[in-house]
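**Q**
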Amino acid sequence: MEFPYTSKSKMRARSGSGVRLEYYQRLVYKTILKYQNPVTGLLPASPTNEHAWIRDNVYSILAVWALSMAYKKYTDMDEDKAKTYELEQRCVKLMRGLLMSMMQQKDKLEKFKISQNPLDSLHAKYSSSTGATVVTDSGWGHLQIDAISLYLLILSQMTASGLQIVFNLDEVSFVQNLVFYIESSYCVPDYGVWERGDKTNHGLPELNASSIGMAKAALEAVNELDLFGARGGPTSVIHVLADEAQKCQAVLLSMLPRESNSKEVDAALLSVIGFPAFAVDDPELIKLTRTTIQEKLQGRYGFKRFLRDGYKTPKEDPTRLYYEPFELRVFENIECEWPLFFCLSMLDFLFQGDKEAVEEYSEALEEIVIKTDDGLKFVPELYAVSAESVSEEYKCPGSQDRIAVGRVPFMWAQSLYIVAQLLKENFIAPGELDPLNRRLGSQKKPDVVVQVVILAEDASIQEKLSRYDLQVQTVQECAPIEVQPARVLSHLYTYLGHNKKLNLSGRRSRDVGILSTSKLYALQDRIFAFTPQLTDQDHFYVAVDYELMIDTFKNELYFLKSSWQNMLGRPVVVIVIRQVQLDQGKIPVAMVTTLKKLKSGYINGTRVALGNLCDFLNTSCITNLSFLGNQEDGMPDRLNAKVRQYLEDHLHKTFVPRTGFIHHSTQRLRKKNTTFSQNPKRKLSYRGSIRRTRCIQVENLEVPFNKVSSRAVSPSQSMSPDTEGASIVSAEPRSPSPKEEEPWVMFTRHRTCSDAQYENTEVDELLHMLKDSESLDEQGDILHFLVIEKGLDYMTGKMDDGTPIRVKDLLKDLYEKACRQKNWGLVRHTAGMLGKRVEDLTKAVTDLLVHQKQVTVGMPPYNERTITAPLPNSDLRHLIHQAYGDDDSCAMLTQELVLYLAMFVRTEPSLFLEMLRLRLGLIIRVMASELSRSVKCDSDEATEHLLNLSPFEMKNLLYHILSGKEFNMVTSGISGNFSVLSNKFSRVSKKSQIGTLLGRGSTSSSVDNEQENTEPDRQGQWIRRRRLDGALNRVPRGFYSRIWMLLERCPGMIIEGKLLSQTLTQEMTSGELKFALQVETVLNAIPQPEYRQLMVEAMMVYSLLAEYNSVPSLGQTLCVERLVHAANKIFLDDQMQIQGDATLCCAKPKEQRELTATGTLLCGGAAYVCQHFYDSAPSGCYGTMTYLIRALATILDCFPIEGEIDCAVS
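Under the numbering used here, the letters of the sequence shown match residues 2 to 1211, in that order.
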């Protein structure tokens, strides 16, 4: 692309060009190179501060690099190329200086790959004179992923331009490990570009879009790059798994234009959407982000870094590093403005070729640069409002002149200013600054054709498929191409970056995604193809469910179509159809239908080509696994000994079925020749041991209003330990209280001396029962008992060849049997005991978090644990298992649901629009409740039905719960498992009705019409909807910003004894995620979902006072539950007057009201609010909104005594 300024300058006089270039050379020397340390090559922050920041150094050297390329082009100004060479070597020296400083911290790099602890991170700054560290690990916010990413990005660009920065293979290994350091940036909170983390500067790291975007750019830039340039070979090439960059991309796209939880937007994002990262491919999102930054942050002197940034403002206390939360409000409208961002904006528009915008920012810069006596132009660090002008600036933002503060020149900004001027005056072209062509990423690309290969596990499946005119090969017939599962590729990649001398272990992550398995791999004279991780049943059980696998497979094909970028060749997806996926020995109909669609060449909006592997050899992307050579011993052409051993041991038996262990576990029993009688006491001790671990408490959502004597247990009863097991008025069956169960004390590991002598006899007897049992559930109970009693590694016997058999082996055997027989309840429990994990659990949680959805796990109200920031996979699994205690089934179900929720948040984000925190324990409980309602069974049965749903049906049920669609449960097939069928004639709206009622332009009649069309039988409809919305934490649209406005008008709000103080508005802006989370935390103290939802309605009614300026001021603290109970009282008074349904329970004179034995309402209403009030529609003269507004008029004393006020709701 030729820059438009070229034509202007073609006839430029040679002398004019020479003068200008000499001017920029003088400017570079005076402002940058003058300060470069001759020993280390590093640049100090200023003449008085010798610390060298990685980020500042990299940005600062860009001007030197750009100037070297300008001289290289204009040979008549540098005939002997001396200037070019010296400038290039200055760049090399600085980049190598940073490399050497980081390599001194190789041990920290190795630690960080495992811990991802901020204290183990590479330091962000070093001594410019020695390259050594200058502060302690805890003395600075060192974890700045954007800085390391920027280094890798510019290293890649400079190497691609012809500079030689990396000299040997040890340095190549270190750079490869830097890739591992940043590849998890999408789930690692850091301190960000401003080194502060949360904007209060209390040292709290957070997920930053600018860090993730820079990491994504670096991963793409360095992938397949030869660090030795034209002189290199396979051993000096850097490898990046494409999925890691794509995960960064997905998270980045979902965050923009937001920077983090505490920053609505940040000017640092300009470097992500434009030069140097060019990390965003979507032109509309680039435009939205740029516009948001300009509207909220741009001023006359530059851009504010972010809203309420107190750095160097007159109101900042320079003696403190941190801010008090309440003082952030004083920085509003007086934040300092940074010229740096004018330079970045100018560069961005230069790359776009937008001449008008370039001139606009160029003129703005000319007005704010500081001119010296010898004609040089210096860019200052920032412009601040003077102390005398603060009050005027508060009154009229942007009206006051500002003064230059901080470093002059600010080397980072000065460098970008020089680069922009060199580009503008056409001394260099955009392509020279971006030899890797990252700037072209947002241009439209042709559609990707996905190649699909279907293979049969054996000849019998091949023959079954041929009956449907589907000709496929078996795995063996693919030779010479070898087909292996994704876990083999995952293991091979652990050798990448391994270096003994540097004590670096290589890649730690074991996940490989669909982008990586859609390539072919060359290793010496062999070619490998890998099946996707989603089909690896050894990895996780969802792969066994063919329905879910087909559904996921279709989504993955569409994902490949949109995400296959910058790779030579087409993707190739290899699927192996196995015996375990057959339905009663037949190819499932859904599978046949999908295969026929693939044959047609088009599926799910994606173009596909179906064929054999050998047909696609020439059109596929092939990666060389050269890093598996033995480089460290000087034999790169020979395989590493460990790799060779692994290939020999594993490749030929990967698809061989495992031998059962349960028969062999009784080997020692046969040797002893012992017989056992069935001991009834022993049977009682293990029978039902799995079921006793369940922690789901189901509430019945069916409210029998016409029979007061058979009330459902209220949520307050079912959740409160004080009422558990007490006598209540209920005809509904309930789960037995813990007192009736076998006590858990018998499963403890502490055994008495008298017990110890029978230890082996007990185990032998159990193993004998295990062998004789035909029931998988009974085998599961026995093995669960053994795991609790003895542990997974207890030896139970030996195979015929002497191989020892552990309890873990027996459990694996049972897990595989349960998978084959589709006993999903047992599959989930055994998977939990074996520590199976969901593929990429961290990515799934991160997807939810960056869509502003926090996640809680565990059963409320006592065992919930909140996930507020991304965590490593192992930490997440530990936290989930800890939250559910002994209930391995729920722990696995939670991981499964996280996976499905992440799928939905990517594909249908509208399902989550009104939710902020996903409480998985409540969601599990409400799923079981909905099953109980649909199947009409008791709570224990509903729990078992839920846990025995197939993964596909579990995902389907979750979708129906989230979307509000009505459904019916039907038994399917011989197995008797349930399927979820949509009920087309009725639907519960997924949108909050309160938001509809308060929205402008809506009328109550339209809402009434919708209510009539939703459900023919309206009895129980509204309490059910409130319970669902409360369990899903759904709030009306705009709820949190309304509450922020309300808090500005009153001292605070009290909810269930917790105060939402007005000071929150001093600390946080109305659009800040942190504020919404504060409100959400207070609301989550309410255990009953329907009561929580009524409180939300009451808060919305309060917010009307602020929105419509009904009263000048709310001088009192607002008590939300007081409003709810006042509304309930008015409702009951009305019910007595009209002899309504509530007269059967609560609508009676006070002295005649009855309570249950436990002191709760007769109707089971939560928090002493009548069940009928919960079941009232929001609208209408008997609606909850009417009663809440009437109650508001009675409890507030701020309304005028005389005159009229506007009571219009919409």
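For glycine and all other residues, C-beta sits at the position ideal for the given N, C-alpha and C.
#1: Go ahead and pull the three-state DSSP assignment for Ile335.
#2: Provide the residue(s) that pair with Ala385 in DSSP beta bridges, ordered along the chain.
#3: Which residue or residues does DSSP assign as beta-bridge partners of Thr607?
#4: The alpha helix (DSSP H) that contains His52, what's its start and end?
#5: To which residues of the same chain is Leu1074 closer than 7 Å at the C-beta, ignoring the five residues directly before and after it?
#6: Val851: which of Phe1174, Val1097, Thr292 and Asn209 sits nearest, CA to CA?
#7: Using CA atoms only, rank isn't needed, just tell me which of Glu633, Gln534, Leu466 and Gly635 is closest to Met592.
#8: According to DSSP, simplified to helix, strand and coil, what is Phe531?
#9: Could you tell me which whole alpha helix (DSSP H) segments of length 4 or greater appear in the stretch 224 to 278?
#10: If we count Cβ pairs, one from each stretch, closer than 8 Å, do we get three or more for the stretch 482 to 493 versus the stretch 208 to 225?
#11: Could you tell me which residues DSSP puts in a beta bridge with Pro805?
#12: Please report the distance separating the alpha-carbon of Val138 from that of Leu917.
#13: Using a 10 Å radius around the Cβ and a threshold of 16 neighbouring Cβ atoms, would you call Tyr187 buried or exposed?
#14: Please classify Ile429: does DSSP put it in a helix, a strand, or coil?
#15: Over what stretch of residues does the beta strand (DSSP E) that includes Ile1 continue unbroken?
#16: What do you get for Glu336, buried or exposed, if any count of 16 or more other CB atoms within 10 angstroms of its CB means buried?
#17: Name the residue from Leu1061, Val451 and Glu548 whose alpha carbon lies nearest to the alpha carbon of Ile515.
#18: By a C-beta neighbour count over all protein chains shown, 10 Å radius and 16 as the cutoff for buried, is Ile1139 buried or exposed?
#19: Within its chain, find whatever has a CB closer than 7 Å to the CB of Gln679; leave out the 5 residues flanking it on each side and keep chain order.
#20: What is the residue span of the beta strand (DSSP E) that Tyr1169 lies within?
#21: Ends of the alpha helix (DSSP H) at Val173?
#22: Based on the DSSP output, what are the partners of Met916 in its beta bridges?
#23: Determine the direct distance from the alpha carbon of Val573 to that of Phe529, and round the result to whole angstroms.
#24: For Gly576, which residues of its own chain have a beta-carbon under 8 Å away from its beta-carbon, when the five flanking residues on both sides are left out?
#25: Where does Ser1062 fall in DSSP's three states?
#26: Please list the segments of the alpha helix (DSSP H) lying wholly inside the stretch 84 to 155, counting only runs of 4 or more residues, in order along the chain.
#27: Is Gly792 close to chain B, meaning its C-beta is less than 7 Å from at least one C-beta of that chain?
#28: Is the CB-CB distance between Leu1061 and Gly1053 below 7 Å?
#29: If we count Cβ pairs, one from each stretch, closer than 8 Å, do we get three or more for the stretch 920 to 933 versus the stretch 882 to 895?
#30: Let me know if Gly606 comes out buried or exposed under the rule of 16 or more other beta-carbons within 10 Å of its beta-carbon.
#31: Is Gly965 helix, strand or coil by DSSP?
#32: Just the C-alpha distance for Leu947 and Val484, rounded to the nearest angstrom, thanks.
#33: Closest by CA to Val370, which one among Pro284, Pro431, Pro340 and Ile881?
#34: Please determine if the stretch 615 to 624 and the stretch 496 to 510 are in contact, where contact requires at least 3 C-beta pairs separated by less than 8 Å.
#35: Starting from the Cα of Glu265, find the closest Cα among Gly275, Thr290, Asn438 and Val252 and give me that residue.
#36: Just how far apart, CA to CA, sit Tyr1169 and Met1101?
**A** This is what the structure holds:
#1: Look at Ile335 here: in three-state DSSP terms it is coil, with no helix or strand label.
#2: According to DSSP, Ala385 shares a beta bridge with Ile404.
#3: Beta-bridge pairing links Thr607 to Ile604.
#4: Here His52 belongs to no alpha helix (DSSP H); instead the beta strand (DSSP E) covers His52 to Trp54.
#5: Excluding sequence neighbours, Leu1074 sits near Asn262 and Gln853.
#6: When the alpha-carbon of Val851 is set against those of Phe1174, Val1097, Thr292 and Asn209, the nearest one is in Asn209.
#7: Per the C-alpha coordinates, the member of Glu633, Gln534, Leu466 and Gly635 positioned closest to Met592 is Leu466.
#8: Strand at Phe531.
#9: Fully contained in the stretch 224 to 278 are the following alpha helix (DSSP H) runs of length 4 or more, in chain order: 243 to 256 and 271 to 274.
#10: Result no; under three Cβ-Cβ pairs closer than 8 Å.
#11: DSSP output for Pro805 lists Lys799 as bridge partner(s).
#12: According to the sequence provided, residue 138 is Asp. The question's Val does not apply to it. Whole-angstrom Cα-Cα distance: 35 Å.
#13: Flag for Tyr187 reads buried.
#14: Here Ile429 sits in coil by DSSP.
#15: Since the first residue shown for the chain is 2 and the last is 1211, residue 1 is missing from the structure and cannot be characterised.
#16: Classification for Glu336: buried.
#17: With distances taken between Cα atoms, Ile515 lies closest to Val451.
#18: Exposed, since its Cβ has fewer than 16 Cβ neighbours within 10 Å.
#19: With a pLDDT of only 48 at Gln679, under 50, the local geometry of the prediction cannot be trusted, and the value read off the model is given with reservation. Hits under 7 Å: none found.
#20: If you look at Tyr1169, you'll find it isn't in any beta strand (DSSP E); DSSP assigns it neither H nor E.
#21: Leu170 to Ile183 is the span of the alpha helix (DSSP H), which, as asked, contains Val173.
#22: Met916 pairs with Arg1035.
#23: Straight through space, the alpha carbons of Val573 and Phe529 are spaced by roughly 12 Å.
#24: According to the sequence provided, residue 576 is Ile. The question's Gly does not apply to it. Taking Ile576 as the centre and dropping the five residues before and after it, the same chain places the C-beta of Val453, Val454, Ile455, Leu456, Thr532, Pro533, Thr536 and Phe554 closer than 8 Å to its C-beta, in chain order.
#25: Here Ser1062 sits in strand by DSSP.
#26: Correct list: 107 to 116.
#27: Within the model displayed, chain B is absent; a lone protein chain is all it includes.
#28: Taking the C-beta atoms as reference points, Gly1053 is found nearer than 7 Å to Leu1061.
#29: Short answer: they touch.
#30: Answer is exposed; the Cβ neighbour count stays below 16.
#31: When DSSP states are grouped into helix, strand and coil, Gly965 belongs to the coil group.
#32: Going from the Cα of Leu947 to the Cα of Val484 covers about 36 Å.
#33: Selected option, being the one with the closest Cα: Pro340.
#34: Short answer: they don't touch.
#35: Considering only alpha carbons, the answer is Thr290.
#36: Approximately 21 Å, taken between the alpha carbons.
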